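For what it's worth, my numbering labels the leading residue of the sequence shown as 23, then goes sequentially.
Positions of the beta carbon are idealized from the N, C-alpha and C atoms, including for glycine.
Quick caveat: nothing in here was measured; it's all calculated off a predicted structure.
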Amino acid sequence: METVLQVHNVQKYYGSKGRGMGTAMTKALDGVSFDVRKGEFIAIMGTSGSGKSTLLNCISTIDRPTAGQIVVDGRDVTSMRQRDLSRFRRERLGFVFQDSNLLDTLTGEENIALALTINRVSPKEIPGRVEQVAAMLDVADVLKKYPYQMSGGQRQRIACARAIVTRPAIVLADEPTGALDSKNSRLLLGSLADLNRQGATILMVTHDSYAASWSSRVLFIKDGRIFNELSRGDEPRQQFFQKIMDVVSFMGGEAADVR
23 METVLQVHNV
33 QKYYGSKGRG
43 MGTAMTKALD
53 GVSFDVRKGE
63 FIAIMGTSGS
73 GKSTLLNCIS
83 TIDRPTAGQI
93 VVDGRDVTSM
103 RQRDLSRFRR
113 ERLGFVFQDS
123 NLLDTLTGEE
133 NIALALTINR
143 VSPKEIPGRV
153 EQVAAMLDVA
163 DVLKKYPYQM
173 SGGQRQRIAC
183 ARAIVTRPAI
193 VLADEPTGAL
203 DSKNSRLLLG
213 SLADLNRQGA
223 TILMVTHDSY
233 AASWSSRVLF
243 IKDGRIFNEL
253 SRGDEPRQQF
263 FQKIMDVVSF
273 MGGEAADVR
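Below, the structure written as structure tokens:
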């Protein structure tokens with residue numbers, strides 16, 4: 023199966039070595055390596071300070087690793103010029119954040135369409151593309167509403183629609199359920215799972231075992247390294263959830279980290 027993302031021996035340091043008083047350098051990532059195949063739904067789990075957000079920032083081209091290589095959709099993003107990175111990020115990556123980051127002055131439909139307009143998609147093609155992703159994420163009934171008229175879950179599903187409407191190589195989700203209640207979290211995760219079944223490749227960073235249990239594979243990161251890995255296979259989600267809980271417990275996670 024085609025590999026969409028290759029992370030090879032990625033290291034990330036902040037600060038620099040000092041003199042006389044030792045070092046002021048902080049190691050955020052310490053030789054992280056893994057691949058994501060087309061059509062996978064991967065979760066990266068870790069507590070605060072584990073390096074998971076730094077890793078996502080490097081993959082999303084928001085930050086550059088100190089060493090190592092990241093290849094997305096066949097392109098080595100660690101060696102690309104900033105101008106090329108901006109275009110690549112816009113065209114080949116989809117983003118879903120903890121906050122939906124919708125523009126308040128635009129309707130749901132306009133927020134989704136804006137991503138296509140920026141990518142210079144033909145105006146004739148835009149309405150059909152928007153309707154398609156709105157149906158996939160069950161938000162057709164709120165397309166004419168403004169963000170303040172939507173629930174938190176609806177705003178996040180509109181954000182997901184915006185992320186996939188450009189048909190990116192991979193969707194990067196950073197704690198997408200972090201600001202949602204349990205009901206809306208379940209609805210959003212169900213939507214992500216549906217998108218994955220329809221072929222979307224998803225990489226989600228989370229501290230939540232429940233959210234991670236919706237994925238097909240979980241990478242556990244601790245102290246900047248991949249600590250463990252679990253694959254769901256054909257087992258029920260509840261059993262996968264329990265296995266994730268066991269690893270989190272072994273890593274020193276607390277009950278407050280999971281739902």
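- Message: On the CB-based measure, 16 or more other CB atoms within 10 Å of its CB, does Glu24 come out buried or exposed?
- Response: exposed
- Task: Pick helix, strand or coil for Asn31, following the three-state DSSP scheme.
- Result: strand
- Query: How many Å lie between Gly274 and Glu251 at the Cα?
  - Reply: 16 angstroms
- What residues in its chain sit with their C-beta under 6 angstroms from that of Ser253, if we drop five residues either side in the sequence? Arg239
- Task: With a floor of 4 residues, list each alpha helix (DSSP H) that falls wholly inside the stretch 45-123, ordered by position along the chain.
- Result: DSSP assignment within the stretch 45-123 yields the following whole alpha helix (DSSP H) runs of 4 residues or more, N-terminal first: 74-81, 104-114.
- Task: Could you have a look at Tyr36 and say whether DSSP puts it in helix, strand or coil?
- Result: strand
- Message: Determine whether the beta carbon atoms of Ser122 and Ala191 lie at a separation below 8 angstroms.
- Response: no
- Message: Once the 5 residues before and after Ala137 are set aside, which same chain residues still bring their CB inside 6 angstroms of it?
- Response: Arg184, Val187, Thr188
- Can you give me the Cβ contacts of Ala277 inside the same chain, cut-off strictly under 7 angstroms, excluding the 5 residues immediately before and after it? Confidence is the limiting factor: at Ala277 the pLDDT is only 39, short of 50, which leaves the residue's position unreliable, though a coordinate-based value still follows. Once the five neighbours on either side are set aside, Ala277 has no close Cβ partner at all.
- Query: Under three-state DSSP, which class holds Arg281?
  - Reply: At Arg281, the pLDDT of 41 sits below 50, so the modelled position is not reliable and the matter cannot be decided from this model.
- CB contact flag (Ile92, Ile84, <8 angstroms): no
- Bounding residues of the alpha helix (DSSP H) (the contiguous stretch that carries Thr139): 130-140
- So what does DSSP say about Lys265, is it helix, strand or coil? helix
- Item | Closest Cα partner of Val161 within the set Phe242, Tyr170, Arg179, Ser173 | The alpha carbon of Val161 has as its nearest neighbour, out of Phe242, Tyr170, Arg179, Ser173, the alpha carbon of Arg179.
- Task: Give the range of the alpha helix (DSSP H) segment to which Asp216 is assigned.
- Result: 204-219
- Which two residues bound the contiguous beta strand (DSSP E) that contains Val193? First-last of the beta strand (DSSP E) with Val193: 192-196.
- Message: Within 10 Å of its beta-carbon, does Asn218 have 16 or more other beta-carbons around it, so buried, or fewer, so exposed?
- Response: buried
- Query: Straight-line CA distance for Thr48 to Gln154?
  - Reply: Cα atoms of Thr48 and Gln154: separation of roughly 45 angstroms, rounded to the nearest angstrom.
- Message: Am I right that Ala222 and Trp236 are in contact with their C-beta atoms under 8 angstroms? What's the rounded C-beta distance?
- Response: Not a contact, Cβ separation roughly 13 angstroms.
- When DSSP builds the beta bridges, which residues end up paired with Glu251? Leu241
- Other residues of its chain near Pro198: CB distance less than 7 angstroms, five sequence neighbours each side excluded: Here the set comprises Val118, Gln120, Gln178, Leu210, Met226.
- Query: Val227 lies in the beta strand (DSSP E); which residues open and close that run?
  - Reply: Run containing Val227: 224-228, per the beta strand (DSSP E) assignment.
- Message: Please return the same chain residues whose Cβ sits closer than 7 angstroms to the Cβ of Asp95, not counting the five positions on each side in sequence.
- Response: Val26, Arg114, Ala191
- Message: Check this for me: beta carbons of Lys244 and Gly68, under 8 angstroms apart or not?
- Response: yes
- Task: Just tell me which of Asp163, Thr139, Glu131 has its CA closest to the CA of Val12.
- Result: Nothing about residue 12 can be reported from this structure: the residues present for the chain run from 23 to 281 only.
- Cross-strand partners of Thr199 (DSSP beta bridge): Checking the DSSP bridge columns, you'll see Thr199 has no partner listed.
- Query: Under three-state DSSP, which class holds Val164?
  - Reply: helix
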